[in-house]
Amino acid sequence: MRIGFVFAVLALMDCGNAIAGPAGMNGSWGGEMRQIEVSTELKYPMTLTIKGKVAEADYPTLNCRGSWTRVAEKNGYVIYAEKVTNKKGASCIDGMVMVTLDQGKVFLGWFAADAGEPIVAMAALSKAAR
3 MRIGFVFAVL ALMDCGNAIA GPAGMNGSWG GEMRQIEVST ELKYPMTLTI KGKVAEADYP
63 TLNCRGSWTR VAEKNGYVIY AEKVTNKKGA SCIDGMVMVT LDQGKVFLGW FAADAGEPIV
123 AMAALSKAAR
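Residue numbering for the sequence shown follows this note's numbering, beginning at 3 and increasing consecutively.
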């Protein structure tokens with residue numbers, strides 16, 4: 003599974019002078035993240051603010067935040083590398099995120115490996131009220 007994800011990321015990295023994602027993706031979004039690990043499944047709220055080539059994610063119940071930097075974009079999908087900042091006692095880890103916009107929602111898939119095991123998470127986020 004990890005190898006397939008790596009190939010997908012490498013294929014999407016051939017993006018030339020692509021723009022920073024669909025314009026409708028910019029802004030603030032919110033919803034519930036579903037994280038699946040080998041032995042457990044978690045659900046927690048998240049907010050996401052996308053500004054072109056960068057984004058900021060907040061996971062309030064996990065006490066961590068993520069700074070996202072765009073690494074590739076192709077065919078409406080944008081890939082970001084996430085660098086996490088943990089508050090005291092938190093144990094969030096860095097990962098890779100694939101994001102797309104469909105029917106007015108942002109859909110994302112997140113991937114990382116920790117202690118020799120894969121971790122995946124996904125969310126369907128709605129535009130935040132202004």
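Built from N, CA and C at the ideal position, the CB exists for glycine as well.
Anticipated Cβ contact below 8 Å, residue i with residue j, distance rounded
i       : j       : result
Val-108 : Val-99  : The pair is not a contact, with the Cβ atoms about 11 Å apart (cut-off 8 Å).
Glu-43  : Ile-121 : With 8 Å as the limit, Glu-43 and Ile-121 do not qualify as a contact, their Cβ atoms being about 11 Å apart.
Of the listed residues the options, nearest to residue i (C-alpha basis)
i      : options                             : result
Thr-49 : Thr-42, Glu-43, Thr-63 and Ile-81   : Thr-63
Ala-83 : Ala-117, Ser-30, Trp-70 and Asp-116 : Trp-70
CB contact flag (residue i, residue j, <7 Å)
i       : j       : result
Arg-72  : Lys-85  : no
Met-35  : Leu-103 : no
Ala-130 : Gly-32  : yes
Asn-65  : Lys-45  : no
Ala-92  : Leu-110 : no
Boundaries (first-last residue) of the beta strand (DSSP E) holding residue i
i       : result
Met-100 : 97–104
Ser-128 : 119–129
Sheet register partners of residue i (DSSP bridge)
i       : result
Pro-62  : Its beta-bridge partners do not exist; DSSP assigns none.
Glu-75  : Val-80
Ala-114 : Ile-121
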